[in-house]
Amino acid sequence: ALQAPASLIANNAGVEGEVVIEKIKDSEWEMGYNAMTDKYENLIESGVIDPVKVTRCALQNAASVSGMVLTTQAIVVEKPKPKAKVAEPAKGQLSV
């Protein structure tokens, strides 16, 4: 079951999934297949895998703000700046 996502990603990239799985098994734990570059590389250093703590904190903060907005009867936001009006041509002149 843990091999299925890697195999599916490889197959979608046009590479044989079983071959990719075997190469990943023989590699160090942080090494993997990057489908965008078609290379085997350190997935943490290349940014393919991000630390779980960062993602978890971002989701917790988003949920906290969403909950606060839903339970509050009023919310203060920044007033949008007015859009500049386009100058109209003088009377008697045709616009091009």
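Just so you know, we're using our numbering here: the sequence shown kicks off at -7 and counts up by one.
We put the CB at the ideal spot given by N, CA and C, even for glycine.
Give a yes or no on whether the C-beta atoms belonging to ALA(-7) and ILE13 are separated by under 9 Å.
Position 1 of the sequence shown holds residue -7. Position 21 of the sequence shown holds residue 13. Cβ distance not < 9 Å, so ALA(-7) and ILE13 don't count as in contact.
Quick one, which of TYR32, VAL78, THR64 has its alpha-carbon nearest SER19's?
For the purposes of this step, residue 19 is identified with residue 27 of the sequence shown, where counting begins at 1. Of TYR32, VAL78, THR64, the residue nearest in Cα terms is TYR32.
Limits of the alpha helix (DSSP H) - the one that LYS92 falls within
It is not possible to answer for residue 92, since the shown part of the chain is limited to -7 through 88.
Does DSSP put MET60 in a helix, in a strand, or in coil?
If you number the sequence shown from 1, residue 60 lands on position 68. Helix, per DSSP.
With contact counted as at least three CB pairs below 8 Å, one residue from each stretch, are the region 22 to 42 and the region 50 to 59 in contact?
no
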